[in-house]
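J.: Here it is, the structure, as structure tokens.
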Amino acid sequence: MQVISTLPEAYEGFNGTAAIHLSKDGKYLYASNRGHDSIAVYTILADGSLELLEIVPTHGQTPRDFDLTPDQKFLIVVHQDSDNATVFKRNCDNGRLAELSNDFHVPEAVCIRFAP
């Protein structure tokens, strides 16, 4: 078993990890942080252990949920307390995220899912 943080070492504020999703290829794990307002991105090593790749800000308050699009090219985060959604472009080769937009108005979002 491995215990791993979803936060930067220096962070001391409130946080609660919320949603966790695995990429379809099984190579990357994504976890949202409520409080730090971020997504932690991990690569899954051959032995099944996790290695932190990056922690990206979600540019909203309280990332309630997120999901990968069916084609795995985008990750969308919905925020409970700032009424917005943030869209990230996902690099399918290395799992990293690049923000595209955070100005989609979504009042009091609690869940996001895509139909297959």
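Number 31 in the UniProt record's numbering belongs to position 31 of the sequence shown; there are no gaps in the numbering. Cβ atoms here follow ideal geometry from the backbone N, Cα and C, with glycine treated the same way.
1) Who are the near neighbours of Lys27 in its chain, counting only those whose CB is closer than 8 Å to its CB and skipping five residues on each side?
2) So, for Phe88: in the same chain, excluding its five sequence neighbours on each side, which residues have a beta-carbon less than 8 Å away from its beta-carbon?
3) Could you give the first and the last residue of the continuous beta strand (DSSP E) run that contains Phe66?
4) Using DSSP with H/G/I as helix, E/B as strand and the rest coil, what is Ser82?
5) Who are the near neighbours of Gly13 in its chain, counting only those whose CB is closer than 8 Å to its CB and skipping five residues on each side?
6) What number of angstroms, rounded off, separates the C-alpha of Glu9 from the C-alpha of Asn15?
7) In three-state terms, what does DSSP make of Lys89?
T.: Let me lay it out:
1) Thr43, Ile44 and Gly95
2) Ile39, Val56, Phe74, Leu75, Ile76, Val77, Leu97, Ala98, Glu99 and Leu100
3) Pro63 to Leu68
4) coil
5) Gly35 and His36
6) 13 Å
7) strand
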